[in-house]
Amino acid sequence: MNIIDLKGITAEGKECHVWACGVCQMAKRSRDEAEQCCLPAKCKCGKELTRYQTFCDACRKLEYQRQDQERYDKAKKVKYADYTGPGFFVDGDECYDHKCPVRDILEDKP
Ligand SMILES: [Zn+2]
Ligand SMILES: [Zn+2]
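Everything in the sequence shown is counted per this note's numbering, starting at 104 for the first residue and increasing by one.
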């Protein structure tokens, strides 16, 4: 990997190293840090990310699914017969309208 390895001698005569990133030339505390400095960020699954991503596409999809599930789990389930629409509320502030997929999983749907 592209790092700069600077060797020096301390006042006590000991050999020491300073590492810097070979791309941006920032000095780092360790060789590992210098190596990682300008590498692309990695997703938790190990996939390389583009500059503005925090998750790769696959993990983002999973995360959305997880959030949807969580939202559904938290949602107040309304019996279809009791459903007076046009929307119902989740957590008191989010309104799901007729297009919302949550409507399809209402209990007791005829
Ligand atoms: Zn760098
Ligand atoms: Zn990922």
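For every residue, glycine included, the Cβ atom is placed at its ideal position computed from N, Cα and C. Nothing here was measured: the structure is a model prediction, and the numbers come from that model.
Where does the unbroken alpha helix (DSSP H) through residue i begin, and where does it stop?
i, result
"LEU165", "160-177"
So residue i is in the beta strand (DSSP E); what residue range does that whole segment cover?
i, result
"ILE138", "One point to set straight first is that residue 138 is Glu, not Ile, in the sequence displayed. Unbroken run through GLU138 is the alpha helix (DSSP H), 134-139; no beta strand (DSSP E)."
If I measure Cβ to Cβ from residue i and keep anything under 7 Å in the same chain, skipping five residues before and after, which residues do I get?
i, result
"PRO204", "Reliability of the predicted coordinates at PRO204 is poor, the pLDDT of 46 falling under 50, and no value is obtained from them."
"PRO158", "First, the residue type needs correcting, since residue 158 is Phe and not Pro in the sequence shown. Answer for PHE158: CYS146, GLU166, listed in chain order."
"PRO143", "GLU151, LEU152"
Look up residue i in the DSSP assignment and say whether it is helix, strand or coil.
i, result
"GLU115", "coil"
Once the 5 residues before and after residue i are set aside, which same chain residues still bring their CB inside 6 Å of it?
i, result
"CYS141", "CYS124, VAL126, CYS127"
Excluding the 5 residues flanking residue i on each side, which residues of the same chain have their C-beta closer than 8 Å to its C-beta?
i, result
"CYS148", "CYS159, ALA161, CYS162"
Give the single residue among the options whose Cα lies nearest to the Cα of residue i.
i, options, result
"VAL138", "LYS117, ILE112, ASP108", "Correcting the residue type first, residue 138 is Glu in the shown sequence and not Val. Out of LYS117, ILE112, ASP108, ASP108 has the C-alpha closest to the C-alpha of GLU138."
### Three CB pairs or more closer than 8 Å across the segment 152-168 and the segment 125-134
no
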